[in-house]
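Residue numbers (UniProt numbering): 1 to 515.
Below you can see the structure in the form of structure tokens.
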């Protein structure tokens, strides 16, 4: 028989009108039973409620087995959003302190009326900006002549009775023609890059203007190469049709040589891609509101980059010169750590301004449909993942015109990747060394150093483990953004500063040049 005493503890109500009670018998074991409450009048029930609410100090708060939420045996995963918010607040406060410290130490270094460039720099930059795209249209003339020769070869082939002999003859003619076309394209593309390098290195003194000119020339040079390589394969596929030379379905709306037109080339020139295709996916219409928003973002971020560079990066770089001159390692490390925050902010702002704002605005105007200019590179847990995801236009060019052809010729993937990074290292050295007038090989070495980093972090990429991903992502951020970029900036600034007195003067003295 179940004994119900005054020590009975009510644990909950299962259904209306019944209650489950825990009781303790003579043996000390806990049992439970469902007991129907007796019929009571309203006054009796009210009296019980008042009597039960009277004893507040006997509530059983410790009535079950529970663990601390941070313990490993906890069954509930706690949220750390509060700590994330705390870290954001701490980050904001620390950077605000640096802002206040900077203004207290240097004052306002920004001078809108002052400038450190010469009028001749702007004049030469304008000339280069106008002339460099002409090399694309020279490539069009070369391809137009090649297309006419290919159509003539097909016509002669159809009229010939001796098919075998004509095929062999056409093969020889094609090879000879391709050698001439390849030579013409090589000369044209080389002049595009060589002339710009010469003018910027010897006559454009401002590194910012020189960088824009050099970047423009490299982009057009890469487009030239892609235009030549793609049309070479299209021409070969037309002259020698086979199952292996089957073209992508998207090209069917504009088969070779119908794509050799000024309009087709002009679209490729302005499209936000480095890979030439006769046809691209297109959107139905232009959203001008979207274009306006992206352009506003680009302008605001560009101003932000300029202000940050002038107010924060320049003093840190200038104060590092004497430390580097005497090889004060401790001070150099301190300068690198201080510059890493500034360079990271500038780099992230530049990334968003270029890949999200400017390229999307250009793509919208051109109705360019494929806008995957980047993927979530910030989550990369290996260096190789970063290089495949952060700059998709360059990655696709390297994969299509260097990596895949080399692998198709029997090269190993590692050897082909080495050639890709060698090619990229040369372009990086030109992009940084030519405008700063210092071809010291730091950018080249930094790019080639990516190969051992890729090999070292490749095992992390293959492991599908959260801890491994955290380690790999931390390695990426430390090596690339917190060490590589500020160290490279310090070395190039140290090499450039003595020979260029333009930026050596503070902004308040720059107006004395009268330029």
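Don't be surprised by glycine CBs; every beta carbon is placed ideally from N, CA and C. Nothing here was measured: the structure is a model prediction, and the numbers come from that model.
- By the neighbour-count definition (other C-beta atoms within 10 Å, threshold 16), residue 306 is an exposed residue.
- Looking at the DSSP output, residue 282 bridges to 368.
- By the C-beta criterion, the region 335-348 is judged not to be in contact with the region 430-445, since fewer than 3 inter-stretch pairs fall below 8 angstroms.
- In this structure, DSSP gives residue 460 a helical state, which the three-state scheme calls helix.
- Distance from the CA atom of residue 79 to the CA atom of residue 356, rounded to whole angstroms, is 31 angstroms.
- Between the region 282-299 and the region 354-368, the count of C-beta pairs closer than 8 angstroms reaches three or more; the two stretches touch.
- For residue 380, the closest C-alpha among the options 329, 495 and 481 is that of 481.
- If the five residues before and after residue 301 are omitted, its C-beta is found closer than 8 angstroms to the C-beta atoms of 349, 350, 352, 353 and 357, all from its own chain and listed in chain order.
- As the crow flies, the alpha-carbon of residue 108 is around 20 angstroms from that of residue 320.
- Taking 9 angstroms as the cut-off, the Cβ atoms of residue 280 and residue 155 do not count as close.
- The three-state reading of DSSP puts residue 59 in coil, since its state is none of H, G, I, E or B.
- The Cβ-Cβ distance between residue 235 and residue 256 falls below 9 angstroms.
- With a cutoff of 9 angstroms on beta-carbon distance, residue 472 and residue 382 are scored as near each other.
- Restricting attention to 429, 468 and 470, the CA atom closest to the CA of residue 214 is found in 429.
- In this structure residue 371 touches residue 360 by the C-beta definition: roughly 6 angstroms separates them, less than 8 angstroms.
- Excluding the 5 residues flanking it on each side, residue 406 has same chain C-beta neighbours closer than 8 angstroms at 415, 416 and 419, in chain order.
- In the three-state reduction of the DSSP assignment, residue 437 falls in the coil class.
- Below 8 angstroms, too few C-beta pairs join the region 88-99 and the region 171-190 to call them touching: fewer than three.
- Contact between residue 451 and residue 336 is absent: CB atoms are separated by about 23 angstroms, not below the 8 angstroms threshold.
- Nearest neighbour of residue 118 by Cα position, chosen from 203, 263, 197 and 332, turns out to be 203.
- Runs of alpha helix (DSSP H) with 4 or more residues, each lying fully within the region 272-328, are found at 288-308 and 314-325, listed in chain order.
- Take residue 453, set aside five residues on each side of it, and the residues of its chain with a beta-carbon closer than 7 angstroms to its own are 383 and 479, in chain order.
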